[in-house]
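As structure tokens, the structure follows; a few thoughts come after it.
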DNA sequence: AAAGGGCTTGACGCTAACGTAAACTGGTGT
DNA sequence: ACACCAGTTTACGTTAGCGTCAAGCCCTTT
């Protein structure tokens, strides 16, 4: 018994994620999404898998990754794409990415600390100004 | 008594940061850098301040910020640019940026956790394969 | 003086990530 | 039958962030 999938159209998906259909088609063109084509190429339909992928893509974008970087990262999730001895490569690549993520997080933390520092200086300065 | 400043040329600075002179000029064009012009517009010379700024710019880039976002952020450091009542605005803006940074860090951490999860699954799978 | 090295200012080229418009198709209500 | 709407492909336009010449200036070395 197959579970009933809530398949939605491209504009519905676009609306849901606050982007345009064009963007979604572009992601497909770049090989990031692979929607179901309803009976002999009529419409694209998107299910849970594509929604999950799109979510990852948009998060990647917010974090400043390029589409090709994101593509490589989400392909790590595709078990069927990484069969056999490809597994070792996937694992090794995953480790590299994880380390890069760690570095980025540290840089973010650093930047935040600096901004916070200046922020506090400013706040004090402001307090003195208003107190007089 | 003025401190002797170690002013360097554009290509020296470029070499130091592993970028090209063109990139540095572009940042100036965008209002991110303001080097000293040696005696009646002959050459650009870069001191400690520009080096610090460039460092921030490049870090911002690595973290996926646009040049205009970076510009706004480093302008928070410029005391002289934010005089008088502008201080309140600067402080408020700084708080917004700090919160955004916090969110980004959390997203990064989330992404890392997911990748790590899949990574461990893969590693186990790989172990079982090689053990047979 | 001539040649070279490093700097300068244009100006055009290029890629990524879409925006946007045109023209076509396919189902649906009236 | 006709209009309409939502989807499709194709293709050209646009912006950011530089790369890559071209042509000229200044200073030093030969």
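Residue numbers (the UniProt record's numbering), protein chains in the order written: chain V, 1 to 132; chain X, 1 to 132. Glycine included, every Cβ here is placed at the ideal spot set by N, Cα and C.
Query, Result
"Those runs of the alpha helix (DSSP H) which lie wholly inside the UniProt domain \"HTH merR-type\" (7-76) of chain V and span at least 4 residues", "10-17, 21-29, 48-62, 67-75"
"Own chain partners of residue 14 of chain V with C-beta closer than 8 Å, once the 5 adjacent residues on each side are dropped", "20, 21, 23, 24"
"Per-residue contacts from residue 115 of chain V into chain X (C-beta, under 8 Å)", "73, 76, 94, 97, 98, 101"
"Beta-carbon proximity check, residue 56 of chain X vs residue 30 of chain X, cutoff 7 Å", "no"
"Interface residues of chain X facing residue 107 of chain V [CB-CB closer than 8 Å]", "59, 62, 63"
"Cβ neighbour criterion (16 or more within 10 Å) applied to residue 90 of chain V", "buried"
"Chain X within 7 Å of residue 112 of chain V, Cβ atoms only", "yes"
"Residue 117 of chain X (DSSP reduced to helix, strand or coil)", "helix"
"Cβ-Cβ separation, residue 76 of chain V to residue 50 of chain V (assumed contact under 8 Å), whole Å", "About 17 Å separates the two Cβ atoms, so there is no contact after all."
"Whole-angstrom C-beta distance between residue 108 of chain V and residue 101 of chain X, which should lie under 8 Å", "6 Å"
"Residue 35 of chain X versus residue 27 of chain X: straight-line alpha-carbon distance, rounded", "11 Å"
"Chain-ordered neighbours of residue 17 of chain V on chain X, where CB pairs are closer than 9 Å", "Near residue 17 of chain V there are no residues of chain X at all, since even the closest Cβ is about 16 Å away, more than 9 Å."
"Alpha-carbon spacing of residue 127 of chain V relative to residue 111 of chain V, whole angstroms", "24 Å"
"Minimum Cβ-Cβ distance from residue 23 of chain V to chain X less than 7 Å", "no"
"Test item: CB-CB of residue 64 of chain V and residue 64 of chain X under 7 Å", "yes"
"Min CB distance residue 67 of chain V to chain X below 7 Å", "no"
"Rounded straight-line distance, which links the Cα of residue 17 of chain V to that of residue 73 of chain X", "28 Å"
"Between the CA atoms of residue 87 of chain X and residue 60 of chain V - distance to the nearest angstrom", "34 Å"
"Buried versus exposed, by CB contacts within 10 Å (16 or more), residue 62 of chain V", "exposed"
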